[in-house]
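This report concerns only the one structure given below.
Residue numbers (our numbering): 1451 to 1751.
Structure follows, in structure tokens:
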């Protein structure tokens, strides 16, 4: 029996016409949520539009007695997506920023259009949908937001300068939403999934696609959106049944006396120590991140 339920809750899933978004939408609906199935209906490169993809998922949900409506707007029209939730169901409780496209090309050959389109869909799109939902979450003092990052954003990947920048941008976006939403019971987390999708089909084999089921990602997303969830400002890698939380790690570092002259040669002489991860710390906020700097200045924080 499901103990994590969403009865009376409204969940908006962007890019829900297939892959991860479809899996998320169906599972939330199965657990009692009313769903806004958003999908522009274009291809994985961001070309075209249509209604069939979102409509198909709405029909799937209706077949098992769930409640869902379709929205066909681009995430660049985030206000319209949230308006669909408010007009249809009167509230929005959970937002899954999942919509995404690819414009893979080496940096040397990357056009401004390749860069701008990825930023508009992944980063600006998430901003616009979240900004539209935010006032409702503040007023009701409840909200759960999960944004979809990527290993490419965390580690980089050839041919994906645009995608990598946008996906890591979503991590910073998430971290600050978590801080600003904490007092109002709004949590924000990010996932970096490895799952079979239209985008992964361009770089992987059919056998691998079949093994990396989107359904293996959804349980983590559902858990992060539970009413009882307190996890916030976190990043998770997830795929094929494996899940892990990431954190920043840095070396202990080296201190040079600000009152004395130190040079590039001074830095070079300490390079091995500066890069030595045998002793580390793990800052979790701006204050902790800046603590060694302030200590080196003799300033207490």
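Even for Gly, the Cβ is constructed at its ideal location relative to N, Cα and C.
Since this is a predicted model, take the numbers as computed values, not measurements.
- Task: Identify whether residue 1617 lies in helix, strand or coil by the three-state DSSP scheme.
- Result: Looking at residue 1617 - three-state DSSP - the assignment turns out to be helix.
- Would you give the residue range spanned by the alpha helix (DSSP H) that residue 1693 belongs to? In the DSSP assignment, residue 1693 falls outside any alpha helix (DSSP H) and lies within the beta strand (DSSP E) extending over 1692–1696.
- Rounded distance between the beta-carbons of residue 1666 and residue 1640, thought under 8 Å: For a cut-off of 8 Å, the C-beta gap from residue 1640 to residue 1666 is around 17 Å, too long to register as a contact.
- Separation of residue 1642 from residue 1694, as counted between CA atoms: Approximately 10 Å between the Cα atoms of the pair.
- Out of curiosity, what's the CA-to-CA distance linking residue 1466 and residue 1478? Cα-Cα distance, rounded: 12 Å.
- Message: On a Cα-Cα basis, can you pick out the residue from 1457, 1659, 1557 that is closest to residue 1539?
- Response: Taking only the C-alpha atoms, the option nearest residue 1539 is 1457.
- Task: Determine contact between the stretch 1526–1543 and the stretch 1500–1514, defined as no fewer than three beta-carbon pairs at a distance below 8 Å.
- Result: Judged by Cβ distances under 8 Å, the stretch 1526–1543 makes no contact with the stretch 1500–1514, as fewer than three pairs qualify.
- Message: Nearest by alpha-carbon distance to residue 1584: which of 1717, 1483, 1462 is it?
- Response: Nearest to residue 1584 by C-alpha distance, out of 1717, 1483, 1462, is 1462.
- Item | Cβ distance (whole Å) where residue 1582 is taken to contact residue 1620 below 8 Å | The Cβ separation is near 17 Å, so there is no contact.
- Item | alpha helix (DSSP H) segment containing residue 1714, residue limits | Run containing residue 1714: 1714–1719, per the alpha helix (DSSP H) assignment.
- Can the beta-carbon of residue 1617 be found closer than 8 Å to that of residue 1602? Going by C-beta atoms, residue 1617 is nearer than 8 Å to residue 1602.
- Return yes when the Cβ of residue 1522 is within less than 8 Å of the Cβ of residue 1554, no when it is not. Their beta carbons are not under 8 Å apart, which means residue 1554 does not touch residue 1522 by this criterion.
- Message: Suppose contacts are defined by Cβ-Cβ distances below 8 Å. Is residue 1636 in contact with residue 1593 by that definition?
- Response: In this structure, residue 1636 sits near residue 1593, with a CB-CB distance shorter than 8 Å.
- Give the single residue among 1723, 1482, 1663, 1672 whose Cα lies nearest to the Cα of residue 1638. The shortest Cα separation from residue 1638 among 1723, 1482, 1663, 1672 belongs to 1672.
- When you compare each of 1529, 1604, 1631, 1551 to residue 1686 by their alpha carbons, which one comes out closest? Distance from the Cα of residue 1686 is smallest, within the candidate group 1529, 1604, 1631, 1551, for 1604.
- Task: Measure the CB-CB distance between residue 1663 and residue 1587 and report whether it falls below 8 Å.
- Result: Against a cut-off of 8 Å, the Cβ pair of residue 1587 and residue 1663 comes out as no contact.
- Message: Taking the alpha-carbon of residue 1669 as reference, which of 1487, 1590, 1692, 1720 has the nearest alpha-carbon?
- Response: Of 1487, 1590, 1692, 1720, the residue nearest in Cα terms is 1692.
- Message: With DSSP as the reference, identify every bridge partner of residue 1626, one or two as the case may be.
- Response: Looking at the DSSP assignment, residue 1626 forms no beta bridge with any residue, so it has no partner.
- Item | Simplified DSSP assignment, three categories, for residue 1640 | Strand.
- Same chain, Cβ closer than 7 Å to residue 1676, neighbours up to 5 away in sequence not counted: Answer for residue 1676: 1454, listed in chain order.
- Query: Ordered along the chain, which non-local residues of its own chain (more than five positions away) have a Cβ less than 8 Å from that of residue 1688?
  - Reply: A distance below 8 Å between beta-carbons, with the five flanking residues on each side excluded, links residue 1688 to the following residues of its chain, in chain order: 1641, 1642, 1643, 1644, 1666, 1667, 1670, 1694.
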